[in-house]
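Q:
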Amino acid sequence: MNLDSSDSLMIMAKTAKYDLDNIMLKNVAENNLYALYELRHVIVEGNCYEQASGAAPNGLQLVLKSTFDELEEKHDTVVMQNLGYFQLKSNPGIWNLDLAEGKSSEIYEFVDKSFHTVVIDSFNGKLVKLNVNKKEGKGGEKLYEDVKKSGGLWDSISHMWGNKKKSDNETIHIFSVASGHLYERFMSIMMMSVVKHTKSKVKFWIIENFVSPEFKLFVPQLAKSHNFEVQFVAYNWPRWLNAQKEKQRKIWAYKILFLDVLFPLDINRIIFVDADQTVRGDIKELWDLDIGGAPYAYVPFCPADSRPETKGFRFWDSGFWHDHLGGKPYHISALYRVDLDTFRRSRSGDILRSTYNNLSRDKNSLANLDQDLPNYLQHMVPIFSLPQEWLWCETWCSDELKKTAKTIDLCNNPLTKAPKLDNALRIVSEWKDYDQYVADFREKSKI
């Protein structure tokens, strides 16, 4: 069950006894199935342009703050190159819209210097047209330096910003997405496996648009009891971006299209871990890995001779994909690290969205949306290839490689088409113990 609502409203399920993604009426004891939805935010969106040039000030940072001091609520975002679009969450009341401290406010100013107030007095949202100009004496300055591609990587970015030395007590940020009670069950186990194998502080960011009300109550208790943090993030699908009707494809899109705007701007890197993964290594090793100045890093699919029986399903080894990749590997999207500073400065999000908008017009394109899109764009948005040990999947990888695997992923197998739960119990020896532990904790928590 899903709700068809205005693009100006952010609405999510608040109460639901059953899995709204998998409603089976024969299993519903009551005559009626009840679900309560909640209006979480009214959306402020708009377009921002430089008055002098007419161009979008890509990367300009905006902050929306509540004028009610006791709320201390604020939301931030960056202006996209795509139509100069920006989106911010709000609620009824009076808000102040400002340029963020730092380069944005040092270089730019609003053309209308008196414009700061945004009044949310209806449920129709708020459409804001922003005009900015560079301050006097700042005409030659840029928010981001020009990117020069060299050797397949943005060496200019790597040189300017480098891979900053990370402190031992730095928080590792991980994001994931799940929809439906089964995948929420998987995600709980994934989180426990991450925490078990690292001494570092960990904070999980979960895309709130898709999780159940029950899970949103349960996970904070799990986090508090096991010394990690969790926070939910959400973003409304922009009305100008080609929509996805199938929920699974929409979830795939959220994994890749909004990386530059989904998280707070002070988060400079993040790791995506699929909900159905079990982690066996220390995730801090991946966090600290030098990825050569690339905006993100993925694990390539295992070599063809690793699992000969599925060789016929390796579509990237022939035809269009073989020619397009030109010798570059095809990567799996179940685990990847994003250096958000580099990602934003290189305008990678804008490139991904504009290419998606073009390719998605063809219904036969982007069959594996979250995977095909970054692999297709490797010549424009380079991928650093992670060591093979960072992701093992039975469908594509040999049993020998499993011995050194730092994560186990439950890829679908086109040969067996076995249920994912059966695969988890068969493939991951520790999965049953994790599952029982989480189930016992849930029972004690009365969720």
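Taking UniProt numbering, the leading residue of the sequence shown gets 1, the next gets one more, and so forth. Just so it is clear, CB atoms sit at the ideal spot from N, CA and C, and this is done for glycine as well.
Consult DSSP for residue 152 and reduce its assignment to one of helix, strand or coil.
A: By one-based count along the sequence shown, residue 152 stands at place 152. For residue 152, the predicted structure reports a pLDDT of 44, less than 50, and the residue's modelled location is therefore unreliable. A value from the coordinates is still provided. If DSSP states are grouped into helix, strand and coil, residue 152 belongs with coil.
Q: Ignoring anything shorter than 3 residues or poking outside the stretch 322 to 372, list the beta strand (DSSP E) runs there in chain order.
A: With a minimum length of 3 residues, the continuous beta strand (DSSP E) runs that stay inside the stretch 322 to 372 are 331 to 338.
Q: Counting only runs that start and end within the stretch 210 to 262, where is the alpha helix (DSSP H) found for 4 or more residues in a row?
A: Correct list: 213 to 225, 247 to 256.
Q: Classify residue 32: buried if its beta carbon has 16 or more other beta carbons within 10 angstroms, exposed otherwise.
A: Within the sequence shown, the letter at position 32 stands for residue 32. By the 10 Å Cβ count, residue 32 comes out exposed.
Q: Please work out which residues of its chain come closer than 6 Å, Cβ to Cβ, to residue 213, disregarding the five sequence neighbours upstream and downstream, and give them in chain order.
A: Here residue 213 is taken as the residue at index 213 of the sequence shown, counted from 1. So the qualifying residues of the chain are 13, 14, 15, 16.
Q: Starting from the C-beta of residue 371, find all residues in its chain whose C-beta is less than 6 Å away, skip the five residues before and the five after it, and write them out in chain order.
A: As a working note, residue 371 is residue 371 in the sequence shown. Excluding residues within five positions, the ones whose Cβ falls inside 6 Å are 333.
Q: In angstroms, rounded to a whole number, what distance separates the CA positions of residue 197 and residue 190?
A: On the sequence shown, residue 197 is found 197 positions in, with the first residue counted as 1. On the sequence shown, residue 190 is found 190 positions in, with the first residue counted as 1. Between residue 197 and residue 190, the C-alpha separation is close to 11 Å.
Q: Does residue 96 come out as helix, strand or coil in the three-state DSSP assignment?
A: Here residue 96 is taken as the residue at index 96 of the sequence shown, counted from 1. Looking at residue 96 - three-state DSSP - the assignment turns out to be strand.
Q: Use the C-beta contact count for residue 188: other C-beta atoms within 10 angstroms, 16 or more gives buried, fewer gives exposed.
A: Sequence index remark: in the sequence shown, residue 188 carries index 188 (1-based). Under this definition residue 188 is a buried residue.
Q: Have a look at the DSSP bridge pairing and note the partners of residue 300.
A: Numbered from its first residue, the sequence shown carries residue 300 at position 300. Beta-bridge pairing links residue 300 to 331.
Q: DSSP puts residue 77 in a beta bridge; with which residues?
A: Position 77 of the sequence shown, counted from the first residue, corresponds to residue 77. DSSP, once it has assigned bridges, lists 62 as partnering residue 77.
Q: Apart from the five residues just before and just after residue 282, which ones in its own chain have a Cβ nearer than 7 Å to its Cβ?
A: Looking up residue 282 in the sequence shown gives position 282. So the list reads 197, 198, once near-sequence residues are dropped.
Q: Across which residues does DSSP place residue 47 in a beta bridge pair?
A: In the sequence shown, counting from the first residue as 1, residue 47 sits at position 47. Beta-bridge pairing links residue 47 to 85, 129.
Q: In whole angstroms, what separates the C-alpha of residue 351 from that of residue 380?
A: Within the sequence shown, residue 351 is the residue found at index 351, counting from 1. Within the sequence shown, residue 380 is the residue found at index 380, counting from 1. Each residue's Cα considered, the two are about 8 Å apart.
Q: Would you identify the three-state DSSP class for residue 181, choosing helix, strand or coil?
A: The residue labelled residue 181 in the question sits at position 181 within the sequence shown. Residue 181 falls in the helix class under three-state DSSP.
Q: In chain order, what residues of the same chain have a beta carbon less than 7 Å from the beta carbon of residue 116, not counting five sequence neighbours either side?
A: Translated into positions along the sequence shown, residue 116 becomes position 116. Within the same chain, residue 116 has close Cβ partners 96, 97, 98.
Q: Whole angstroms are fine: how far does the CA of residue 133 sit from the CA of residue 84?
A: Here the question's residue 84 lines up with position 84 in the sequence shown. Here the question's residue 133 lines up with position 133 in the sequence shown. Distance between the alpha carbons of residue 84 and residue 133 is about 14 Å.
Q: Once DSSP output is grouped into helix, strand and coil, what is the label at residue 106?
A: Taking the sequence shown and counting its residues from 1, the one referred to as residue 106 is at position 106. In the structure shown, residue 106 sits in a helix (DSSP, three-state: H, G or I).
Q: What is the DSSP secondary structure of residue 306, counted as helix, strand or coil?
A: If you number the sequence shown from 1, residue 306 lands on position 306. Residue 306 falls in the helix class under three-state DSSP.
Q: Taking 7 Å as the cut-off, decide whether the C-beta atoms of residue 36 and residue 9 are in contact.
A: Within the sequence shown, the letter at position 36 stands for residue 36. Within the sequence shown, the letter at position 9 stands for residue 9. No, Cβ-Cβ distance for residue 36 and residue 9 is not below 7 Å.
Q: Does the CB of residue 171 have a neighbour CB from chain C at under 7 Å?
A: Of the chains in the structure shown, none is chain C; there is only one protein chain.
Q: Quick one: give me the first and last residue of the alpha helix (DSSP H) that residue 424 is part of.
A: Your numbering for residue 424 matches position 424 in the sequence shown. Per DSSP, residue 424 belongs to the alpha helix (DSSP H) from 420 to 427.
Q: For residue 158 and residue 59, what's the separation of their Cα atoms in angstroms?
A: What you label residue 158 is simply residue 158 of the sequence shown in a count that begins at 1. What you label residue 59 is simply residue 59 of the sequence shown in a count that begins at 1. Unreliable positioning characterises residue 158 in this predicted model, as indicated by a pLDDT of 47, which lies under 50. A coordinate reading is not provided.
Q: Measure from the alpha carbon of residue 239 to the alpha carbon of each residue in 431, 265, 19, 43, then state which is nearest.
A: Translated into positions along the sequence shown, residue 239 becomes position 239. Considering only alpha carbons, the answer is 43.
Q: Could you tell me the distance, in whole angstroms, from the CA atom of residue 276 to the CA atom of residue 181?
A: By 1-based counting over the sequence shown, the position of residue 276 is 276. By 1-based counting over the sequence shown, the position of residue 181 is 181. So the two alpha carbons sit approximately 12 Å from each other.
Q: State yes or no: is the C-beta of residue 389 within less than 7 Å of the C-beta of residue 406?
A: Counting from one through the sequence shown, the residue named residue 389 turns up at place 389. Counting from one through the sequence shown, the residue named residue 406 turns up at place 406. The answer is yes: Cβ separation under 7 Å.
Q: Could you name the residues of the same chain whose beta carbon sits closer than 7 Å to that of residue 111, not counting the 5 residues immediately before and after it, in chain order?
A: Taking the sequence shown and counting its residues from 1, the one referred to as residue 111 is at position 111. So the qualifying residues of the chain are 51, 131, 132, 133.
Q: At which residues does the alpha helix (DSSP H) containing residue 384 begin and terminate?
A: For this step, residue 384 is matched to residue 384 along the sequence shown. Segment 383 to 385 is the beta strand (DSSP E) holding residue 384; no alpha helix (DSSP H) there.
Q: Could you tell me if residue 169 is buried or exposed, where buried requires 16 or more neighbouring beta carbons within 10 angstroms of its beta carbon?
A: By 1-based counting over the sequence shown, the position of residue 169 is 169. The residue is exposed, with fewer than 16 neighbouring Cβ atoms inside 10 Å.
Q: In whole angstroms, give me the CA-to-CA distance for residue 436 and residue 306.
A: Locating residue 436 in the sequence shown gives position 436, counting from the first residue. Locating residue 306 in the sequence shown gives position 306, counting from the first residue. Distance between the alpha carbons of residue 436 and residue 306 is about 32 Å.
Q: Thinking C-beta only, is residue 428 closer than 7 Å to residue 278?
A: For this step, residue 278 is matched to residue 278 along the sequence shown. For this step, residue 428 is matched to residue 428 along the sequence shown. Yes. Within cutoff.
Q: In this structure, does DSSP put residue 195 in helix, strand or coil?
A: On the sequence shown, position 195 is the one that residue 195 refers to. It is helical.
Q: Grouping DSSP H, G and I as helix and E and B as strand, with all else coil, what is residue 267?
A: Numbered from 1 along the sequence shown, position 267 holds the residue referred to as residue 267. Correct three-state label for residue 267: coil.
Q: Can you name the residues that DSSP bridges to residue 417?
A: Sequence index remark: in the sequence shown, residue 417 carries index 417 (1-based). None, per the DSSP bridge assignment.
Q: Please name the residue or residues paired with residue 12 in a DSSP beta bridge.
A: By one-based count along the sequence shown, residue 12 stands at place 12. Its beta-bridge partners are 38.
Q: Which partner residues does residue 134 have in the DSSP bridge list?
A: Here residue 134 refers to the residue found at position 134 when the sequence shown is read from its first residue. DSSP output for residue 134 lists 108 as bridge partner(s).
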